[in-house]
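Trainee:
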Amino acid sequence: MEDILGCSYAIILLTQYEFEGPFCQPPELLPNRYRDQQAPPAWLSSGSAFNYFQSNIRSKDTPESNFVYRKFGTLPEHSLAFNLAISCQPRAFDPNAGISPTEDDNGEYQSIYSFYEDSEGESKCEIQQWHSAHHANHLGGSMAPVQFIPDDISPYYIEFEEYFGGYNFGAGNAWLDFKNMKFDFSC
């Protein structure tokens, strides 16, 4: 797969047995004269979560004031095997469960935003109350994009933020559509 910037992504679909299985080391790379001129990325020895945390820490930070610490809820270990369990629970009161997200006002998909004019005629925008308890990383349902809802996305997608794996979306979020095997992000 390729994103809008031309960067390549690969998805490895796992069975439940593989997903719940033991961790393994990244495979040994075959010699490549171009790649071998570059130092290996730090995460290959320290682990992706630890490397992500280290790259986002400032000298004035305490662990509790650091964005990544607050999202992880812990200090990542210096280990390739460090991980945080992914859990899944139904989103309460999501009127868009099972519906493809769209910017079109087709009456079926409901925007998470409410637009109205106040008593002084000023345009206002608020997040719908039913969306306030929804988490940013989720499977399907109501989408909360930074810029726009991508075209032709199915109801079978995951929306995730940068801290869900240490990706760089320019302070944005991303979507992976499992049905159409499409990937997109905005920042």
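Here our numbering is used: the first residue of the sequence shown is 3, the next is one more, and so on. We put the beta carbon where it would ideally sit given N, CA and C, even for glycine. On a predicted model such as this, the values are computed, not experimentally measured, just so you know.
1. Suppose you measure from the CA of E79 to the CA of F52; what does that come to, to the nearest Å?
2. Would you tell me roughly how many angstroms separate the C-alpha atoms of D5 and Y11, rounded to the nearest one?
3. Would you mind reading off the limits of the beta strand (DSSP E) that contains F187?
4. Could you give the distance in angstroms between the alpha-carbon of E122 and the alpha-carbon of G23?
5. Give the secondary structure of K126 by DSSP, where H, G and I count as helix, E and B as strand, and everything else as coil.
6. Answer yes or no: do S113 and E119 have a C-beta to C-beta separation smaller than 7 Å?
7. Going by the CB atoms, is the gap between P103 and Y115 shorter than 7 Å?
8. Please report the Cβ distance between Q144 and N98, rounded to the nearest whole angstrom; I am assuming they are in contact, meaning their Cβ atoms lie under 8 Å.
9. Return the Cβ separation of A176 and D186 in integer angstroms, given the expectation that the two are a contact with Cβ distance under 8 Å.
10. Can Y165 and F180 be called in contact, C-beta distance under 7 Å?
11. From the DSSP output, in three-state form, read off S10 for me.
12. Within 10 Å of its beta-carbon, does P152 have 16 or more other beta-carbons around it, so buried, or fewer, so exposed?
13. Throw me the rounded Cβ distance for the S188 and F162 pair, which I believe falls under 8 Å.
14. Can you list, in chain order, the stretches of the alpha helix (DSSP H) that have 4 or more residues and sit fully within the segment 48–90?
15. Taking DSSP as the reference, what is the three-state secondary structure of L178?
Mentor: Let me lay it out:
1. Straight-line Cα distance between these residues: approximately 6 Å.
2. 8 Å
3. 184–188
4. 60 Å
5. strand
6. Their beta carbons are not under 7 Å apart, which means S113 does not touch E119 by this criterion.
7. no
8. According to the sequence provided, residue 144 is Ser. The question's Gln does not apply to it. Indeed, because the Cβ distance is near 4 Å, the residues count as touching under 8 Å.
9. 7 Å
10. no
11. Assigned with DSSP and collapsed to three states, S10 falls in strand.
12. buried
13. That pair is no contact at about 12 Å.
14. DSSP assignment within the segment 48–90 yields the following whole alpha helix (DSSP H) runs of 4 residues or more, N-terminal first: 50–57, 69–74.
15. strand
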